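The block underneath contains the structure these notes are about, expressed in structure tokens.
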Amino acid sequence: FQNLSLLLLALVFLPLKLVISGNQCTDKCGGVSIQFPFYLRNSKLNHTAEYPPGFDLLCTENKKTLILELPNVPTKLAVRKIDYKSQQIQIYDPANCLPSQLLQLSSASISPFQFPSYDYAFKTRRNFSFFRCDSMSSSCPILFLSSYLDVIRFPEILSCTKVKDVLSANWMDQYSLYDPTVTIEWSKPDCKHCETQNQKCKWKNSTKVETECFVCSTNTTPTSTIVLIAAGMECPLILPHLSSTSVVVNL
Numbered sequence: 038f039q040n041l042s043l044l045l046l047a048l049v050f051l052p053l054k055l056v057i058s059g060n061q062c063t064d065k066c067g068g069v070s071i072q073f074p075f076y077l078r079n080s081k082l083n084h085t086a087e088y089p090p091g092f093d094l095l096c097t098e099n100k101k102t103l104i105l106e107l108p109n110v111p112t113k114l115a116v117r118k119i120d121y122k123s124q125q126i127q128i129y130d131p132a133n134c135l136p137s138q139l140l141q142l143s144s145a146s147i148s149p150f151q152f153p154s155y156d157y158a159f160k161t162r163r164n165f166s167f168f169r170c171d172s173m174s175s176s177c178p179i180l181f182l183s184s185y186l187d188v189i190r191f192p193e194i195l196s197c198t199k200v201k202d203v204l205s206a207n208w209m210d211q212y213s214l215y216d217p218t219v220t221i222e223w224s225k226p227d228c229k230h231c232e233t234q235n236q237k238c239k240w241k242n243s244t245k246v247e248t249e250c251f252v253c254s255t256n257t258t259p260t261s262t263i264v265l266i267a268a269g270m271e272c273p274l275i276l277p278h279l280s281s282t283s284v285v286v287n288l
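In our numbering, the protein residues as written are 38 to 288.
Given below as structure tokens:
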């Protein structure tokens, strides 16, 4: 009882209002926020709205990794970040072998997504060759090279087998050997205008063509309810003091 009294006393002196808050518009997995047009297939939220095909995500059992499965490619990519203002996703390979994933993506459709197109005056799409190097000590046996300079950097390529040539790779401008991630983006549905207004996005009148913005409602639980539950209704005299003191706890 002494510990409970100390807890309630501490609540009295908190400068904020104590409510438990949550909403029905956003999920979270691996530190990544998920909202329309994306949704979690294994979410506890009741997804009553209809979502566009190809935007379903999967959260791993340990809740640490968010997985994207492209409809036309038999591969699983992990999501590091979703930027809803630019409508871009940063993806990587959870098995730490992104070149093997790029080998599959090189000639396949990644609809409803696409690789960003950058309008550089000096930009040229380069050609690549993928090699399989089973003799390598690395956990990733796939290499891709674009010039003779790469042969100097990776002399072991001489003992590897060429798998495929890729012409005009449009993802290379984003790829880094030291940070193996690639960015993809989506253009429809267009929700950028909602993000600039700090609002959420949804289909307009279930048209599945136009979108509209809305303010997501938040579910809250009053302070008195929380304290009564915690205290077992044994300390009612403390409740009046809590009317002006609180803290926000996000679920």
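C-beta: ideal position from N, C-alpha, C; glycine also. It should be emphasised that the depicted structure is a prediction, and the values quoted were computed from it without experimental measurement.
Exercise for the section: Check each candidate in Thr-97, Glu-98, Cys-96, Leu-77 and name the one with the smallest Cα separation from Tyr-19. Expected result: In the structure as shown, the chain begins at 38 and stops at 288. Residue 19 is therefore absent and cannot be evaluated.
Exercise for the section: Give me the Cβ distance between Pro-136 and Phe-181, rounded to the nearest whole Å; I'm assuming they're in contact under 8 Å. Expected result: 5 Å
Problem - Cβ pair Lys-201, Ser-166 closer than 9 Å - result: Yes, Cβ-Cβ distance for Lys-201 and Ser-166 is below 9 Å.
Practice task
From the DSSP output, read off the bridge partner residues of Trp-240.
Solution key: Thr-248
Exercise for the section: Measure the C-alpha to C-alpha separation of Gly-91 and Arg-169 and round it to an integer number of angstroms. Expected result: 30 Å
Handout entry: Cβ pair Glu-232, Pro-153 closer than 9 Å
Key = no
Practice task
Measure the alpha-carbon distance for Ile-119 versus Thr-102 and round it to whole angstroms.
Solution key: 13 Å
Practice task
With a 10 Å radius around its C-beta and 16 neighbouring C-beta atoms as the bar for buried, classify Thr-220 as buried or exposed.
Solution key: Buried: at least 16 other Cβ atoms inside 10 Å.
Practice task
Pull up the DSSP beta-bridge partners for Val-110, would you.
Solution key: Looking at the DSSP assignment, Val-110 forms no beta bridge with any residue, so it has no partner.
Practice task
Name the two residues that bound the continuous beta strand (DSSP E) containing Glu-222.
Solution key: 219-222
Practice task
Quickly, what does DSSP pair Tyr-129 with across the bridge? List them, please.
Solution key: Ala-115
Exercise for the section: Would you kindly work out how many angstroms separate the C-alpha atoms of Cys-96 and Gln-127, rounded to a whole number? Expected result: 16 Å
Problem - Closest Cα partner of Pro-226 within the set Gln-125, Lys-199, Glu-106 - result: Gln-125
Handout entry: One or two residues paired with Ser-70 in a DSSP bridge
Key = Lys-65
Handout entry: Buried versus exposed, by CB contacts within 10 Å (16 or more), Phe-251
Key = exposed
Exercise for the section: Count the other C-beta atoms from every protein chain shown that fall within 10 angstroms of the C-beta of Cys-253, then say buried if there are 16 or more, exposed otherwise. Expected result: exposed
Practice task
Name, in chain order, the residues that DSSP records as bridge partners for Leu-94.
Solution key: Answer by DSSP bridge pairing, in chain order: Leu-77, Leu-105.
Handout entry: Element boundaries [beta strand (DSSP E), containing Leu-182]
Key = 179-182
Practice task
For Asp-216, count neighbouring C-beta atoms within 10 Å of its own C-beta (all shown protein chains included) and say buried if the count is 16 or more, exposed if not.
Solution key: exposed
Practice task
Note the first and the last residue of the continuous alpha helix (DSSP H) segment covering Gln-124.
Solution key: Where Gln-124 is concerned, there is no enclosing alpha helix (DSSP H), given that its DSSP letter is neither H nor E.
Problem - Gln-234, DSSP secondary structure in three states - result: DSSP places Gln-234 in coil when its eight states are reduced to three.
Problem - Straight-line Cα distance separating Leu-195 from Lys-65 - result: 45 Å
Problem - Residue interval of the alpha helix (DSSP H) (run including Pro-89) - result: That residue, Pro-89, is in no alpha helix (DSSP H); it is neither H nor E in DSSP.
Exercise for the section: Look at Trp-208 and Leu-105 and say whether their C-beta atoms are less than 9 Å apart. Expected result: no
Practice task
Under 6 Å Cβ to Cβ from Cys-228, same chain only, skipping five residues before and after it: list those, please.
Solution key: Cys-238, Thr-248
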